[in-house]
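A.B. asks:
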Amino acid sequence: MEKIKIDITILAPVKKVWDYYNDPEHIVKWNFAHESWECLSSENDLRVGGKFNNRMEAKDGSFGFDFVGIYDEVEENELIRYHMEDGRNVEIVFEKADENTTKVKISFDPETQNSVEMQREGWYAILNNFHKYVENN
C-alpha cells in the first residue's frame with residue numbers, strides 16, 4: 007500500500023520542535039488524537055536501535071494500548087525513521103523554513119484494519135495537538 011503523508015507548519019525554531027517531539031515530559035501532553043484519550047506515560051531512547059513506548063488510554067478506562075517503535079535512523083533536528091512492532095515504517099522530517107518556522111512532515115505505512123482516511127485523520131489530529139502545544143508553550 008502507498009504511504010500516508012501528512013505535514014504541518016509550526017511557528018517555532020526547529021530545536022524547540024525537535025525537543026518537544028522527543029522529550030517524554032512533553033510527549034504526554036500532546037500525544038493523543040482526541041480529548042477523550044490521554045498519553046499516560048512515555049519512554050524514549052532516541053538513538054539508532056533505541057526504543058520508544060507511549061502508553062495510550064481512553065480517559066474512561068475502556069481501552070488502552072502501548073504504542074512502541076524501534077529507531078532505525080536519527081539525525082538530530084532533521085530526521086527520524088522508526089519501525090513499529092508490526093513492521094510498518096514511519097519517517098518524520100523536521101524542515102527548518104527559517105529561524106522561527108519548522109515544517110514537520112510524516113509519512114507512514116498504513117495498517118489494514120482502518121481506512122486510509124481514518125488513519126490520516128487520526129495521525130493528523132495528533133500532529134495538530136503537537137502543533138498547538140509547541141506554539142502555546
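Residue 134 in this note's numbering is what sits at position 128 of the sequence shown, and the numbering runs on without skipping anything. Glycine included, each C-beta is placed from N, C-alpha and C at the ideal position. None of these values were measured; they are calculated from a predicted model.
Excluding sequence positions up to five away, which residues of its chain have a Cβ less than 7 Å from the Cβ of V20?
C.D. replies: Reading the sequence shown from its first residue, position 14 is the one you call residue 20. Here the set comprises N83, F100, K102 and T108.
A.B. asks: Would you call L46 buried or exposed, if buried means 16 or more other Cβ atoms sit within 10 Å of its Cβ?
C.D. replies: Reading the sequence shown from its first residue, position 40 is the one you call residue 46. Counting Cβ neighbours within 10 Å, L46 comes out exposed, since fewer than 16 surround it.
A.B. asks: Do I86 and N28 have their CB atoms nearer than 9 Å?
C.D. replies: Stepping through the sequence shown from its first residue, residue 86 is reached at position 80. Stepping through the sequence shown from its first residue, residue 28 is reached at position 22. Yes. Within cutoff.
A.B. asks: Just confirm the distance between the C-beta atoms of R126 and I10, as a whole number of angstroms; I'd bet it's less than 8 Å.
C.D. replies: By 1-based counting over the sequence shown, the position of residue 126 is 120. By 1-based counting over the sequence shown, the position of residue 10 is 4. About 5 Å separates the two Cβ atoms, so the contact holds.
A.B. asks: Cβ atoms of M7 and V122: under 9 Å apart, would you say?
C.D. replies: For this step, residue 122 is matched to residue 116 along the sequence shown. For this step, residue 7 is matched to residue 1 along the sequence shown. Yes, the Cβ-Cβ distance between V122 and M7 is below 9 Å.
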